[in-house]
Amino acid sequence: MPPEKTPAKYRLIAEHLRAGILDGTYPAGQPLPSEEILAKQFGVTRPTVRQGIAELRAAGLVEVMMGRGMFVRSPHSRPSYTRPRGVRQDSDGRYVEADGLRWTDAENPTVTRTDAPLALADLLNIPPGEPMYSYDVLQTAERGRLRQLHRTHIPFSVLLDTKYEEEAPPPAPQLYAALTGLGHDLRFTEYLRPRMPLPDEAEALRLPDGVPLLHILRVTLNEHGKPLALEEFHLPGDDLELSYQL
């Protein structure tokens, strides 16, 4: 029988710290021992310690703050932000987000004509490749502390025989009033999944290494269940939870 491999030293460091985080030895929000202390404790170099820390960062258990050190993120602690999801209509007829946040465009929305990829075409119940209006914008709230990437897709087929054959419709949420003005009674369905961000998404959302994003797809439907538009929201997934009223 071949001898068992000894785990690499950086993995031993990662496992030691992971166990301490999960059993409460290192509480959430508290600093971990410094690279120097861990290097002496395990008899390794500081680059080896960094390899172990990198594993914990990728698992979302540790956050490294420049100039301050390494801090614990407990998987059991509650996040700082809880945001209700949904759309409601005010008494004056305006559609607003259920979380009540005032989102501001950090830049002018980018408007493009795109062809529906297979995954989005399936949700919109249109043929793949059908042309759509697409809007992309980075939005901020709470004086820039909260950030999200927001994309709106509107199939051309939804706009046939309307005034928007000649002019581009507005992006959401103004789009909801425009669709209501065309005689639609709106319904909404959301699909949520976490994933790791692409480099440009991580940069725009200011995500540290190893932090996932929340990818939300919201489909706007009419009273007959026909999809009219689709939105994509990309939100930081490190200190945020979403709530849904069922």
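Here the sequence shown is numbered in UniProt numbering, starting from 1 and rising by one per residue. From the three backbone atoms N, C-alpha and C, an ideal C-beta is built for every residue, glycine too.
By the CB criterion at 8 Å, P173 and A116 fall outside the cutoff.
In this structure, L217 places its C-beta atom within 8 Å of the C-beta atom of E232. Counting of Cβ neighbours within 10 angstroms places R151 among the buried residues, the total reaching 16 or more. Secondary structure note for L214: its beta strand (DSSP E) is the uninterrupted segment L213 to L221. By the C-beta criterion, the region 83 to 100 is judged not to be in contact with the region 35 to 50, since fewer than 3 inter-stretch pairs fall below 8 Å. Of the residues D23, L22 and F42, the one whose Cα lies closest to the Cα of K9 is F42. T104 sits close to A141, with the two beta carbons spaced by under 8 Å. Counting along the chain, the unbroken alpha helix (DSSP H) around D200 starts and ends at P199 to L205. Excluding its 5 nearest sequence neighbours in each direction, R193 has C-beta neighbours in its own chain below 7 Å: H215, listed in chain order. R11: member of the alpha helix (DSSP H) spanning K9 to L22, first to last residue. Pairing P33 with E190, the inter-Cα distance amounts to about 42 Å.
Remark: C-beta atoms of V72 and V64 do not approach each other more closely than 8 Å. If you draw a straight line from the Cα of P127 to the Cα of V219, it is about 16 Å long. Every beta strand (DSSP E) of 3 residues or more that sits fully in the region 128 to 213 is shown, in chain order, as 131 to 141, 146 to 155 and 187 to 195. A residue is called buried when at least 16 other Cβ atoms come within 10 angstroms of its Cβ; L207 meets this threshold and is buried. Proximity to A54 across P171, L17 and E223 peaks at L17, based on C-alpha coordinates.
C-alpha of G69 to C-alpha of E35: approximately 9 Å in a straight line.
In the structure shown, Q51 adopts helical secondary structure according to DSSP, grouped into three states. Inter-residue distance for P236 and P197 is about 9 Å (C-alpha atoms, whole angstroms).
Here R102 is exposed. Its C-beta has fewer than 16 other C-beta atoms within 10 Å.
A106 is classed as exposed because its beta carbon has fewer than 16 other beta carbons within 10 Å across all chains shown. With a contact defined as Cβ atoms closer than 8 Å, D209 and R57 qualify at about 5 Å. Sequence-distant partners of V44 (beyond 5 residues in either direction) whose C-beta falls short of 6 Å from its own C-beta, in its chain, are K9. CA-to-CA, the gap between Y176 and L186 works out to about 8 Å.
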